[in-house]
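Let me begin by presenting the structure, written as structure tokens, before commenting on it.
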Amino acid sequence: MYPMYYSIDSTYLLVLIGMAIAMWAQFKVTSTFNRYKDVPTERGLTGHQAAQAILEANHIYDVTVEHVPGHLTDHYDPTNKVLRLSDATDRSTSISAVAVAAHECGHAVQHAKGYAPLKLRSALVPVTRFGSAIAMPLILVGLLLNFAGLIKIGIIAFSAVLVFQLVTLPVEFDASRRAIAVLGQTGLLLPAEIGPAKKVLGAAALTYVAAAISSGLQLLRFIMLTNRRR
14 MYPMYYSIDS
24 TYLLVLIGMA
34 IAMWAQFKVT
44 STFNRYKDVP
54 TERGLTGHQA
64 AQAILEANHI
74 YDVTVEHVPG
84 HLTDHYDPTN
94 KVLRLSDATD
104 RSTSISAVAV
114 AAHECGHAVQ
124 HAKGYAPLKL
134 RSALVPVTRF
144 GSAIAMPLIL
154 VGLLLNFAGL
164 IKIGIIAFSA
174 VLVFQLVTLP
184 VEFDASRRAI
194 AVLGQTGLLL
204 PAEIGPAKKV
214 LGAAALTYVA
224 AAISSGLQLL
234 RFIMLTNRRR
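Position in the sequence shown counted from 1, then plus 13, gives you the working numbering.
Structure, rendered in structure tokens:
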């Protein structure tokens with residue numbers, strides 16, 4: 014009898030590291046949001062009311078604030094100029110709710126002021142969608158058929174996803190910076206409430222950082238697999 018040896022692809026370690034980082038970031042944002050979701054602000058405004066106040070303070074009158082179902086599904090839709098707030102944000106008077114609403118307003122302000130990174134991110138959306146749709150199939154087929162050309166095209170397509178996520182980082186950081194500034198300037202949050210709001214938005218930003226790192230590690234794995242086959 015001969016001993017059996019099992020070969021484990023060492024590049025899977027990169028995938029596991031990426032997954033661990035993403036899970037940690039998601040845990041961080043959920044736990045931080047939950048910590049302050051039951052802490053009401055002194056002003057007592059809901060996330061919806063805070064969003065309207067911030068938009069008015071920035072002389073933005075063509076953006077609609079709407080409720081959207083789901084948990085932490087808050088987002089700003091630049092195409093339709095709609096700011097959508099989730100269940101935990103729209104009707105809540107908590108520090109978490111007001112902070113998240115202010116962050117989404119930050120994107121509306123970016124849009125109104127023609128913030129360049131936001132324009133670039135919007136322009137990259139169709140390219141990123143196409144790239145993410147074809148990248149994995151091309152890479153997998155290329156690996157199965159040992160066709161380096163397909164793998165390279167897939168890697169280029171996947172790179173578009175990473176570029177999009179990297180461009181997203183300054184957009185999200187700037188929106189949070191604007192949010193904290195306007196919350197203090199308008200008095201929607203007291204000085205003692207600004208710190209917790211920063212923690213909520215800081216934790217949320219980690220999810221975007223984690224996504225970029227995970228994609229970068231995945232891209233590195235694909236490149237390593239390609240080089241092995243030369």
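The C-beta atom is built at its ideal place from N, Cα and C for all residues, glycine as well.
- Counted as a single uninterrupted DSSP element, the stretch harbouring H88 is not any alpha helix (DSSP H) but the beta strand (DSSP E) occupying residues H88 to D90.
- Between the alpha carbons of G144 and G200 lies a distance of about 44 Å.
- Within the region 128-154, no run of alpha helix (DSSP H) at least 4 residues long lies entirely inside it.
- For T220, the enclosing alpha helix (DSSP H) starts and ends at P204 to R241.
- According to DSSP, residue pairing for R97 in a beta bridge involves E79 and H88.
- Rounded to whole angstroms, the gap between the alpha carbons of Q198 and L85 is 25 Å.
- Judged by beta-carbon spacing, Q178 lies within the 9 Å limit of Y221, meaning their Cβ atoms are closer than that value.
- Boundaries of the alpha helix (DSSP H) around F40: Y25 to Y49.
- Apart from sequence neighbours up to five positions away, no residue of its chain approaches G162 with a beta-carbon distance below 6 Å.
- L29 counts as exposed, since fewer than 16 other beta carbons sit within 10 angstroms of its beta carbon.
- Per DSSP, reduced to three states, the secondary structure at S189 is helical.
- Between the C-alpha atoms of I193 and M237 there is a straight-line separation of about 42 Å.
- Contact between L26 and L233 fails: their C-beta atoms lie close to 11 Å from each other, not under 8 Å.
- The C-beta distance from A216 to K41 rounds to 5 Å, short enough to fall under 8 Å.
- For the pair V78 and V52, the CB atoms are not nearer than the 9 Å cut-off.
- When DSSP states are grouped into helix, strand and coil, S107 belongs to the strand group.
- Put simply, the region 106-126 touches the region 48-63. At least three CB pairs are less than 8 Å apart.
- Counted as a single uninterrupted DSSP element, the alpha helix (DSSP H) harbouring I67 occupies residues G60 to A70.
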